[in-house]
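Student: Residue numbers (this note's numbering): 11 to 853. For glycine and all other residues, C-beta sits at the position ideal for the given N, C-alpha and C. Please find one structure pasted underneath; my questions will follow.
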């Protein structure tokens, strides 16, 4: 949830011999991520914990931006869009949707066989009784959401009419509820779905097409929506019916997926305050209402602060060092701001805090004063004047503490961990082991920068500051590995990258992905729509892809989210299950002039990351809608497929398949590939520590911090930085004011999950390494098992059953071994050196 705050991690191979071994005799999809891939005949094979942990290399993590809701909505990213059922419509009967835009597609589009890419979907709602709003697009029957038709004026009447209808449905359910699947779970899923699809559509538009009018409309109905969610989540008839199912003699006959649904609903209800009475419940509901409002305001402030900063430059000397792509983007931004004659060569240029602009300045601008100004603006976003998140942070933490006390927990971290694999203690233990293993390498990283910058005659060599680190790191990387990231851009055009990514998905998972532009309405002319088909040519999923940065209307970072989840209950008439639909959103460099989008390698990794999330949603075979795809998966395991997919960016055949010069078609030279591979671990210690800082301050704020006490949130951050940052933060560093992951997303007391999932994802990828990455047949077979387990099972199998499984955190290797792995990551060296550090457990 992306790098304002969501910048996606650039993974490096850390030499951290840490293993979390989750062992079970059940078919836990994560616990078996390694054993299942190796043992096609048995899903109960013991999980082996040989892990190579990948460290994050970017300042901020970019991922799915998510949030837990205060009702039994599935655990997933926000917005929470699903479909609802009762109306079937066959796409074979449809003509392709005509987009409002007549602009040419930014990608080459092959002819689409609509019939071959068709499926039946259900409508969003049954006909509404209030015919006065029957033309509201939020309430119409549709095949795909009418993103192009929804306007701010539709939000208030549409949401209110829907809530009125759903309130009646809920009353009917409570009146007739029985502890059976057909009388409880199925009608509940339909209610949840109805609200989620409409609210998700609106919230998605706010994220990608923000306006003051849309914000105002959402704000007017948000409290009403939260009130209904609380009413639903605190329904005692529903809660008691779920408990009756769990306590019934038929419990043992339920499938694992259905047991998971029942157990999750019971846990969620308790966390939603179902057990509270009278005054305590009223207070809990007030807290939830206020938290929802504050989180929304926090996110808006980050977007507004990012948009507010613009630096107009007319003298080219001030931006000396910026590559052509950055100059083109800065000139293009100037044109959009009214400087019609702006050109990349002569300007004027506008620098912003949006990721493509900010990162280019930090890495390439020779003007140190410019770097300092932009850096200070970035780390102090949303912390001053009328856009100040500091009081919002204080109030959020105070309310979360109050909420945890109402629920009987010691702190909010315990509340957060109640639905996760880890405990507070285990998360802290993991972070400390990683911190210890990374510290010496980070110290050496700083020494190397100082030595190199001094050798280049830099006046600041003896006094390097934060705005110097990216600049001199990039120069050192260029010198050490003879590789220039900007010179790589022409080899990574977006169309080629997507073709290569889809070909990898075909090899690993046996699927075909075809353009389906025109089949579904979109919210911007650059959005693409795709159909996913199995090996027989049968459609199994669809997804949208919104690739480019639009700082004036689109929040930063990158994320994947649901549009539709696979569901048997909500299947159209005559079909087995409703097909899943997803959207992937990135903020990469847009096309400049007549060139396609030319990507940095980090942007390539980001696309692979988000596609990993989308695959888990789209390739699920779980028909129980409440645990299909990414739903119901413990938060600290949900990053496994996304980080797993990133590993393939460094696989030779995969990389060579996407790295084609956009003009000549020439492949990336072999020696450049080897240099890119060698540079993978560059400054891994420093970059890992940065992620550990974020994870640690998150846990500290949600465990030991006392809102309103003597210590401020910034004091906590500085205290954490003493052990996680070689260079102390600036006194005015207010990165917490833009840390939307934990204050406006779903990562509160959960940011550690990126590191936790790295262990799982690295171990899963090692299964492919073990069979031989160049053995196409073995890779295909291993990919099939990965699909049939990790991707197919969704939340229907527990990553960790705390009653029968144990965590094992193995001792970190010695610093000498740690440094060895930073110097080389060839597989055979890694294997021979690391293998003795790992133990195998069988339970």
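1) Can you find the residues in the same chain that come closer than 6 Å, C-beta to C-beta, to residue 190, ignoring five residues on each side of it along the sequence?
2) Classify residue 598 as helix, strand or coil using the three-state DSSP reduction.
3) Could you say if the stretch 677-693 and the stretch 491-503 meet the contact criterion of at least three C-beta pairs nearer than 8 Å?
4) Is residue 486 near residue 458, with beta carbons less than 8 Å apart?
5) Helix, strand or coil: which one does DSSP assign to residue 147?
6) Could you have a look at residue 360 and say whether DSSP puts it in helix, strand or coil?
7) Pairing CB atoms from the stretch 169-185 with CB atoms from the stretch 237-250, are three or more of them under 8 Å?
8) Does the distance from the CB of residue 580 to the CB of residue 672 come in under 8 Å?
9) List in chain order: all unbroken beta strand (DSSP E) runs of 3+ residues lying wholly within the stretch 288-349.
10) Tell me the start and end of each unbroken alpha helix (DSSP H) in the stretch 717-768 that is at least 4 residues and wholly inside, in chain order.
11) Out of 403, 373, 262 and 641, which has the shortest C-alpha to C-alpha gap to residue 303?
12) For the alpha helix (DSSP H) containing residue 666, name the first residue and the last one.
13) Helix, strand or coil for residue 353, going by three-state DSSP, please let me know.
14) Could you pull out every residue in the same chain whose Cβ sits closer than 6 Å to the Cβ of residue 578, ignoring the five residues on either side in sequence?
15) Go to residue 452, then tell me how far its alpha helix (DSSP H) extends in each direction, as first and last residue.
16) Would you call the stretch 688-705 and the stretch 529-543 in contact, with 3 or more CB pairs under 8 Å?
17) Cβ atoms of residue 329 and residue 387: under 8 Å apart, would you say?
18) Among 258, 343, 209 and 322, which residue has its Cα nearest to the Cα of residue 562?
19) In the DSSP assignment, find the alpha helix (DSSP H) that holds residue 425 and state where it starts and stops.
20) When the Cβ atoms of the stretch 716-733 are set against those of the stretch 367-374, are three or more pairs found closer than 8 Å?
21) Does the beta-carbon distance from residue 770 to residue 647 come in below 8 Å?
22) Please report the Cβ distance between residue 789 and residue 668, rounded to the nearest whole angstrom; I am assuming they are in contact, meaning their Cβ atoms lie under 8 Å.
23) Helix, strand or coil: how does DSSP classify residue 792 here?
24) Would you kindly check if the distance between the Cβ of residue 746 and the Cβ of residue 724 is under 8 Å?
25) For residue 699, which residues of its own chain have a beta-carbon under 6 Å away from its beta-carbon, when the five flanking residues on both sides are left out?
26) Below 8 Å on the Cβ atoms is my contact criterion, and I expect residue 644 with residue 431 to pass it. Report the Cβ-Cβ distance as a whole number of Å.
27) Three Cβ pairs or more, each shorter than 8 Å: is that satisfied between the stretch 227-243 and the stretch 292-299?
28) Who are the near neighbours of residue 355 in its chain, counting only those whose CB is closer than 7 Å to its CB and skipping five residues on each side?
29) What's the C-alpha gap between residue 88 and residue 218?
30) Is the beta carbon of residue 620 sitting closer than 8 Å to the one on residue 599?
31) Residue 199 and residue 162: beta carbons closer than 8 Å?
32) Just reading off the alpha helix (DSSP H) that residue 477 is part of, what are its end residues?
33) Quick one: measure Cβ to Cβ for residue 553 and residue 592, integer angstroms, because I've assumed they're closer than 8 Å.
34) Just to confirm, are residue 639 and residue 804 a CB contact at a threshold of 8 Å?
35) Give me the Cα-Cα distance between residue 710 and residue 677, rounded to the nearest whole angstrom.
36) Near residue 156, what residues of its chain come up, given a Cβ to Cβ distance below 6 Å and the 5 sequence neighbours on each side ignored?
Tutor: According to the data block:
1) none
2) strand
3) yes
4) yes
5) helix
6) strand
7) yes
8) no
9) 320-323
10) 723-734 and 750-753
11) 403
12) 662-668
13) strand
14) 587 and 633
15) 434-465
16) no
17) no
18) 343
19) 422-427
20) no
21) yes
22) Actually they are not in contact, since the Cβ atoms of residue 789 and residue 668 sit about 17 Å apart, beyond 8 Å.
23) helix
24) yes
25) 448, 452 and 734
26) 5 Å
27) yes
28) none
29) Reliability of the predicted coordinates at residue 88 is poor, the pLDDT of 30 falling under 50, and the value obtained from them is presented with this limitation in mind. Cα to Cα, the separation comes out at about 13 Å.
30) no
31) no
32) 476-491
33) 4 Å
34) yes
35) 48 Å
36) 147 and 531
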